[in-house]
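>
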Amino acid sequence: MTTKTTTAKPKSDAFAAIHSAAQGLHRTGAITKTTLREYDALCLDSIPEFNAKDIKRIREQAHVSQPVFARYLNTSESTVQKWEAGQKRPSGMALRLLSVIEKHGLEVLV
47 MTTKTTTAKP KSDAFAAIHS AAQGLHRTGA ITKTTLREYD ALCLDSIPEF NAKDIKRIRE
107 QAHVSQPVFA RYLNTSESTV QKWEAGQKRP SGMALRLLSV IEKHGLEVLV
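Counting in our numbering, the sequence shown runs from 47 upward without gaps.
#1: Enumerate in chain order the residues of its own chain whose CB-to-CB distance from Pro-113 is below 7 Å, with the five nearest sequence positions on each side excluded.
#2: Between which residues of its own chain and Leu-152 is the CB-CB distance below 7 Å, once the five residues before and five after are set aside?
#3: Would you list, in sequence order, the uninterrupted beta strand (DSSP E) runs of no fewer than 3 residues that lie entirely inside the region 78–146?
#4: Quick check on Ala-54: does DSSP put it in helix, strand or coil?
#5: Using the beta-carbon count (16 or more within 10 Å), is His-150 buried or exposed?
#6: Given a threshold of 16 other Cβ atoms within 10 Å of its Cβ, counted over all protein chains shown, does Val-156 qualify as buried or as exposed?
#7: Please list the terminal residues of the continuous alpha helix (DSSP H) segment that includes Gly-70.
#8: Just the Cα atoms here: how many angstroms apart are Ala-63 and Asp-86?
#9: Output the distance between the C-alpha atoms of Ile-147 and Ala-140, rounded to the nearest integer angstrom.
#10: Which term fits Leu-116, buried or exposed, when burial requires 16 or more other beta carbons within 10 angstroms of its beta carbon?
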């Protein structure tokens, strides 16, 4: 797997509030940067990013064609083609679905 992590988002509204409080404590010097990183790990959910080869590998491991893969991801065949050619990058929900498919297989979406 050659994924890298992009922007992290709070796991929930409650975690967002906790993380915001931790950031405030760090700004005032009440907690260290190390402690803030621990809050980051607990409160933030990282969103993976996939390159063209990763997307093609995930699709091929699922043993489906580009049109079928596109239907599962609720996108167009041309979008999948552009992802695999490196002309476009998936974002948002598509990244989440790719991550789920990579981890659990395409069957989880059926």
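Just so you know, even glycine gets a beta-carbon here, dropped at the ideal spot from N, CA and C. What you are looking at is a predicted structure, and each value in this text was computed from that prediction instead of being measured.
So, from the listed chains and residues:
#1: Glu-123
#2: Ala-108, Val-110, Tyr-118
#3: 90–95
#4: strand
#5: exposed
#6: exposed
#7: 59–74
#8: 12 Å
#9: 10 Å
#10: According to the sequence shown, residue 116 is Ala rather than Leu. Answer is buried; the Cβ neighbour count reaches 16.
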